[in-house]
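Structure first, then comments.
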Amino acid sequence: MSKIWRLVLLLTCMLVGCSTTGNLGIVTKSSADPASLLKNSQGFEELGPAEGQACRHFILAIIPFGQSDMTKAVDKALEATGGDALLNVSAESSLYGFIPI
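Per mature numbering (1 follows the signal peptide of the UniProt record, and there is no 0): the sequence shown = residues -24 to -1, 1 to 77.
Printed below as a string of structure tokens:
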């Protein structure tokens, strides 16, 4: 019976992960100047919902490739709509430790 529990524990440890979610008021693209956007009190046009994603992958669970930072995800989200900033942003970050055998 203890061999089964050890196997279950081993499999669980191989498939662990972590996920966090946060909410932000305003996020601008990396090339924009957020201070000037706020100082000028310019009106804005709502372009609708936008979504961006940035991923990092691992070869053999060791060698990382890809850019998974928030800057890349924001730029992708704004690229689709042509906007300058995102309002009421929900950001999620996940890390999973899958070990391929």
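Even for Gly, the Cβ is constructed at its ideal location relative to N, Cα and C.
Beta-carbon separation (whole angstroms), residue i vs residue j, contact threshold 8 Å
i: Ala49; j: Leu13; result: Not a contact, Cβ separation roughly 19 Å.
i: Ala30; j: Asp9; result: No, Ala30 and Asp9 are not in contact; Cβ-Cβ is about 22 Å, not under 8 Å.
i: Ala26; j: Thr57; result: 5 Å
i: Gly1; j: Asn64; result: 7 Å
C-alpha distance - residue i paired with residue j, whole-angstrom precision
i: Ser66; j: Leu(-14); result: 32 Å
i: Glu22; j: Ile38; result: 42 Å
i: Ala53; j: Leu(-16); result: 39 Å
i: Ala11; j: Gly(-3); result: 22 Å
i: Glu55; j: Val3; result: 14 Å
i: Glu68; j: Cys(-7); result: 11 Å
i: Ile(-21); j: His33; result: 31 Å
i: Ser7; j: Ile35; result: 32 Å
i: Ser51; j: Thr(-5); result: Before going further, note that residue 51 is Asp rather than Ser in the sequence given. Between Asp51 and Thr(-5), the C-alpha separation is close to 20 Å.
i: Gly59; j: Lys5; result: 9 Å
Check: residue i C-beta below 8 Å from any heavy atom of the ligand MG
i: Ala11; result: The model on display carries no ligand, and the ligand MG is accordingly not part of it.
Alpha helix (DSSP H) segment containing residue i, residue limits
i: Asp51; result: 46 to 57
Residue i at chain C interface by Cβ criterion, 9 Å
i: Val(-17); result: No chain C appears in this structure, which consists of one protein chain only.
Self-check item: Ordered list of beta strand (DSSP E) runs contained in the region 4 to 44, each at least 3 residues
Solution: You should have 33 to 35, 39 to 41.
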